[in-house]
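A quick write-up on the structure given underneath.
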Amino acid sequence: MTTSKKTHKSNRPSSMCAKCPTVACTPPIKANDVLNIEKAPDFCPMKVMPEVLDGALSEYDTPGVREFARLASLQEFECYEQLPDGRRTKNPRILELIQFAQKCGYKRLGLAFCGGLAKEARMLTKILENKGFEVVSVRCKVGATSKERIGIKPEEKIRGPENWETMCNPITQAEVMNTEKVDFAVMLGLCIGHDTLFIKYCRVPMTVIAVKDRVTGHNPLAALYLSDSYYARLKTKVE
Ligand code: SF4
55 MTTSKKTHKS NRPSSMCAKC PTVACTPPIK ANDVLNIEKA PDFCPMKVMP
105 EVLDGALSEY DTPGVREFAR LASLQEFECY EQLPDGRRTK NPRILELIQF
155 AQKCGYKRLG LAFCGGLAKE ARMLTKILEN KGFEVVSVRC KVGATSKERI
205 GIKPEEKIRG PENWETMCNP ITQAEVMNTE KVDFAVMLGL CIGHDTLFIK
255 YCRVPMTVIA VKDRVTGHNP LAALYLSDSY YARLKTKVE
């Protein structure tokens with residue numbers, strides 16, 4: 055049985071959609087049927103924090119936000135096609151990026167990439183340029199600043215204590231994107247935490263084309279799919 059947990063900040067249950075047994079928010083009903091959320095579990099945010107949902111929904115009344123959300127949903131729709139034998143998907147994310155940027159009327163794209171994916175950055179730049187975009191790009195090591203600047207000790211350097219190591223500089227990457235006034239920034243392969251800082255400081259619209267995963271070809275879900283077998287250690291419970 056799924057149980058709800060209390061947060062340390064309030065008595066209300068924390069939202070746990072990932073454990074939802076009913077998914078009452080996505081009922082298999084017709085367009086004109088009445089939606090009933092009574093079947094939603096007690097931890098459902100629709101029940102627990104309706105004022106938060108109301109506030110968030112009202113944000114879509116902001117004209118630019120509403121249009122952006124509409125175009126995103128349109129993009130989602132266009133990733134499927136209806137065939138005689140059923141619905142199927144058709145667009146890889148790179149194509150989606152191109153189509154969505156075109157929908158939004160973006161001309162100048164920004165690529166914030168990890169040095170470990172420099173080849174991919176060059177390939178993606180070429181693809182985007184061939185589709186008519188101007189592409190501004192900035193590598194994670196921009197700034198050429200030593201890792202010691204943020205308190206990394208010699209023995210914590212990947213290349214060894216005796217070698218120079220440039221720190222990843224996602225804040226500068228974000229500020230370059232902001233200064234270049236790109237229409238849309240695209241994150242390519244930034245590490246965990248570095249991506250967090252990039253997102254925090256980036257003030258232009260942004261999306262992610264790929265996240266860093268050094269052992270799965272940048273496909274973190276591969277380890278999840280193997281967590282019943284080769285990566286079973288992922289499921290080991292902390293005592
Ligand atoms: S919103 Fe409510 S009904 Fe939907 S998945 Fe989350 S808990 Fe379940």
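If you use the working numbering, the sequence shown closes out at 293, no skipped numbers anywhere.
From the three backbone atoms N, C-alpha and C, an ideal C-beta is built for every residue, glycine too.
Can you check whether the CB of residue j is closer than 8 angstroms to the CB of residue i?
i	j	result
L107	P99	yes
L182	V190	no
K266	L244	yes
P104	T76	no
L163	D237	yes
R124	E135	no
For residue i, I'd like the list of residues in its chain whose CB is within less than 7 angstroms of its CB, leaving aside the five on either flank, ordered along the chain.
i	result
R147	I263
I204	M221
Cα separation between residue i and residue j?
i	j	result
F97	P82	21 angstroms
G118	M241	22 angstroms
D282	H248	30 angstroms
E121	Q153	15 angstroms
N273	E174	14 angstroms
C256	D139	44 angstroms
C168	R193	6 angstroms
T57	K144	Note that T57 has pLDDT 49, beneath the 50 cutoff, so the model's placement of it is unreliable and the number below is only indicative. Computed Cα separation, rounded: 38 angstroms.
Taking only heavy atoms of ligand 1 into account, decide whether any of them is closer than 7 angstroms to the Cβ of residue i.
i	result
T226	no
F187	no
M221	no
P104	no
F97	yes
V77	yes
A94	yes
M241	no
So residue i and residue j are supposed to be a Cβ contact under 8 angstroms. How far apart are they, rounded?
i	j	result
F252	P224	4 angstroms
E150	Q129	6 angstroms
Leaving out the 5 sequence neighbours to the left and right, which residues in its chain are closer than 6 angstroms to residue i when beta-carbon positions are compared?
i	result
T226	V196, G197
Which same chain residues end up closer than 8 angstroms to residue i when comparing Cβ atoms and leaving out the 5 residues on each side of it in sequence?
i	result
K211	K201, N217, E219
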